[in-house]
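**Q**
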Amino acid sequence: MAKPIEFKAGSLTAMSAVLRELNNVHLADALQVMLGGMGEFFAGEATIIDVSQIQQFPDRPDWSGTLSLLRRYGLQPVALRGAPEHLHQGARKAGLAILSDHAATIKAEEASEATKATKVTRAEPEAAVANSLPHPEVSAAPSALIVERTIRSGQQVYARGGDLVVLGAISNGAEVIADGNIYCYGPLRGRALAGASGNRQARIFSSNFGPELISIAGIYRTFEKGIPQQIAGHPVQALLRGEGEKQSLGLEPLQLD
145 MAKPIEFKAG SLTAMSAVLR ELNNVHLADA LQVMLGGMGE FFAGEATIID
195 VSQIQQFPDR PDWSGTLSLL RRYGLQPVAL RGAPEHLHQG ARKAGLAILS
245 DHAATIKAEE ASEATKATKV TRAEPEAAVA NSLPHPEVSA APSALIVERT
295 IRSGQQVYAR GGDLVVLGAI SNGAEVIADG NIYCYGPLRG RALAGASGNR
345 QARIFSSNFG PELISIAGIY RTFEKGIPQQ IAGHPVQALL RGEGEKQSLG
395 LEPLQLD
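In my numbering, the protein residues as written are 145 to 401.
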C-alpha cells in the first residue's frame, strides 16, 4: 500500500528579487519603468526576496503590499533573505519563509530537471570564448559556464559567479542569467540577464539578436514593440551607458568580419 505522504530531497531554481528599499510606491515606479507595465511577465517564477543591500529598514514594512506588487508581474515570493531578526515575525505573517544566507544559496548545478537535460561543462574564460565574440577585459570572470546545446522554452540556466556561454540558441520563453557576461552564439530569443549580482561592467553578446528581454545589473529593456530593424537578427552587444542613476541599457552592432 502506498504511503499517504513521503519526503524526497529536491532542488528549486528561484529568481532573486534584490530590493534596495522597501518603499512600495518607489518599487512600483521602478517595475513600471523596467518592465513597461507588462503584467505576469515572469510567468509564475518562484522568487526569493533579498533585502541584504538595504541600509535602513522601516519600522513596519508592508510585506503584504510588496508581495502583491511582485505577484502583479508574475513572480511568486516564497522566502525572505537578509532582513534583521526583528522583522522576521511580520514577514512570516505575510507568508514568507525566512532563509539564512547559506540556505538561500542556489547553486548553478542545482538546476531544474528540464535544465539538467542540458549538457553543461566548465572551462577557463579563454577556452570559453571563440574568436567571433571578443571578451572585454573590463569584465573578465574567474570561470565560465558553457552550455553546448539549445536552451528551450521553460528552461533556466544561471552562471553564478562567472560568465555564461551558450553555443546553441536561447528559445522564446527560456531564461539565462549570469553574474558576469552572457555570450550567445545561436539566436537569442528568450530572456538574458547579465551582471545579476550587480556587475555594471557586464555585457551581453549575441550573434543573432532578437530577445524578449535583456538586463544588466537590474536595468531592463523589453522589446514588446519589436527589435529595431537595424539590429534585428544581427550581431549585437548590450552594455550600460552613462553614469550612476542615469545609466541606460544601450545596444551596439558588432562587426565580426
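Think of the CB as a built atom: it goes at the ideal place given N, C-alpha and C, for glycine as much as any other residue.
Out of curiosity, what's the CA-to-CA distance linking V177 and S244?
**A** Within the sequence shown, numbered from 1, the residue matching residue 177 stands at position 33. Within the sequence shown, numbered from 1, the residue matching residue 244 stands at position 100. Between V177 and S244, the C-alpha separation is close to 31 angstroms.
**Q** What whole-angstrom Cβ distance do S287 and G312 have, given they're in contact under 8 angstroms?
**A** The residue labelled residue 287 in the question sits at position 143 within the sequence shown. The residue labelled residue 312 in the question sits at position 168 within the sequence shown. Rounded, the Cβ-Cβ distance is 20 angstroms, inconsistent with contact.
**Q** Using the DSSP secondary-structure output, state which residues sit across from A327 in a beta bridge.
**A** Start at 1 with the first residue of the sequence shown, and residue 327 comes out as number 183. It is Tyr, not Ala, that sits at residue 327 in the sequence shown. Paired residue(s): V309, F349.
**Q** Can you say whether K251 is buried or exposed, counting buried as having 16 or more other CB atoms within 10 angstroms of its CB?
**A** Here residue 251 is taken as the residue at index 107 of the sequence shown, counted from 1. Below a pLDDT of 50, predicted positions are generally treated as unreliable, and K251, at 41, falls in that range; no measurement from the model is reported.
**Q** So who's on the other strand from I314, going by DSSP bridges?
**A** Stepping through the sequence shown from its first residue, residue 314 is reached at position 170. DSSP lists I295, L332 as partners of I314.
**Q** How far does the alpha helix (DSSP H) with R129 in it reach, from first residue to last?
**A** Here the chain has residues from 145 to 401 only, and residue 129 is not among them.
**Q** Strictly by DSSP, which residues pair up with M159?
**A** Residue 159 sits at position 15 when you count from the first residue of the sequence shown. For M159, which the question treats as bridged, DSSP gives the partners T191.
**Q** Within this structure, are the beta carbons of G362 and V162 separated by less than 8 angstroms?
**A** Translated into the one-based positions of the sequence shown, residue 362 becomes position 218. Translated into the one-based positions of the sequence shown, residue 162 becomes position 18. Contact flag set, yes.
**Q** Could you give the distance in angstroms between the alpha-carbon of H232 and the alpha-carbon of I198?
**A** Working through the sequence shown from its first residue, we reach residue 232 at position 88. Working through the sequence shown from its first residue, we reach residue 198 at position 54. One C-alpha to the other measures close to 15 angstroms.
**Q** Smallest Cα separation from L224: which of G239, S212, R216, L213?
**A** Counted from its first residue, the sequence shown places residue 224 at position 80. Of G239, S212, R216, L213, the residue nearest in Cα terms is G239.
**Q** Between the C-alpha atoms of D203 and R344, what's the straight-line distance to the nearest angstrom?
**A** Here residue 203 corresponds to residue number 59 of the sequence shown, with the count starting at 1. Here residue 344 corresponds to residue number 200 of the sequence shown, with the count starting at 1. Roughly 31 angstroms between the two C-alpha positions.
**Q** Since A303 contacts A322 with CB under 8 angstroms, what's their CB separation in whole angstroms?
**A** What you label residue 303 is simply residue 159 of the sequence shown in a count that begins at 1. What you label residue 322 is simply residue 178 of the sequence shown in a count that begins at 1. Between A322 and A303 the Cβ distance is about 4 angstroms, and since that is below 8 angstroms, they are a contact.
**Q** How close, in whole Å, do the beta carbons of N316 and E368 come, if the pair is a contact with beta carbons under 8 angstroms?
**A** As a position in the sequence shown, residue 316 is number 172, starting the count at 1. As a position in the sequence shown, residue 368 is number 224, starting the count at 1. Not a contact, Cβ separation roughly 13 angstroms.
**Q** In angstroms with no decimal places, state the Cα-to-Cα distance between L171 and F151.
**A** Position 27 of the sequence shown holds residue 171. Position 7 of the sequence shown holds residue 151. Their backbone Cα atoms lie some 37 angstroms apart in a straight line.
**Q** Helix, strand or coil, according to DSSP, for A146 in the structure here?
**A** On the sequence shown, position 2 is the one that residue 146 refers to. DSSP places A146 in coil when its eight states are reduced to three.
**Q** Quick check on A146: buried or exposed, where buried means 16 or more other Cβ atoms within 10 Å of its Cβ?
**A** Stepping through the sequence shown from its first residue, residue 146 is reached at position 2. Classification of A146: exposed, given that the 10 Å Cβ count is below 16.
**Q** On the premise that T191 lies in contact with L219, defined as a C-beta separation below 8 angstroms, what is that separation, rounded to the nearest angstrom?
**A** Numbered from 1 along the sequence shown, position 75 holds the residue referred to as residue 219. Numbered from 1 along the sequence shown, position 47 holds the residue referred to as residue 191. Contact check for L219 and T191: beta-carbon distance about 4 angstroms, within the 8 angstroms limit, so the pair qualifies.
**Q** How far does the beta strand (DSSP E) with R164 in it extend, from its first residue to its last?
**A** Counted from its first residue, the sequence shown places residue 164 at position 20. Segment: none, R164 is in no beta strand (DSSP E) and carries neither H nor E.
**Q** Please state if the CB of F353 and the CB of N325 are separated by a distance shorter than 8 angstroms.
**A** In the sequence shown, counting from the first residue as 1, residue 325 sits at position 181. In the sequence shown, counting from the first residue as 1, residue 353 sits at position 209. With respect to F353, N325 sits apart: the two C-beta atoms are not nearer than 8 angstroms.
**Q** Do I358 and L393 have their beta-carbon atoms positioned less than 8 angstroms apart in this structure?
**A** Here residue 393 is taken as the residue at index 249 of the sequence shown, counted from 1. Here residue 358 is taken as the residue at index 214 of the sequence shown, counted from 1. Yes. Within cutoff.
**Q** So is I295 buried or exposed if we call it buried at 16+ other beta carbons inside 10 Å?
**A** Sequence index remark: in the sequence shown, residue 295 carries index 151 (1-based). Per the 10 Å Cβ criterion, buried.
**Q** If we count the other Cβ atoms within 10 Å of its Cβ and call it buried at 16 or more, is D173 buried or exposed?
**A** Position 29 of the sequence shown, counted from the first residue, corresponds to residue 173. Flag for D173 reads exposed.
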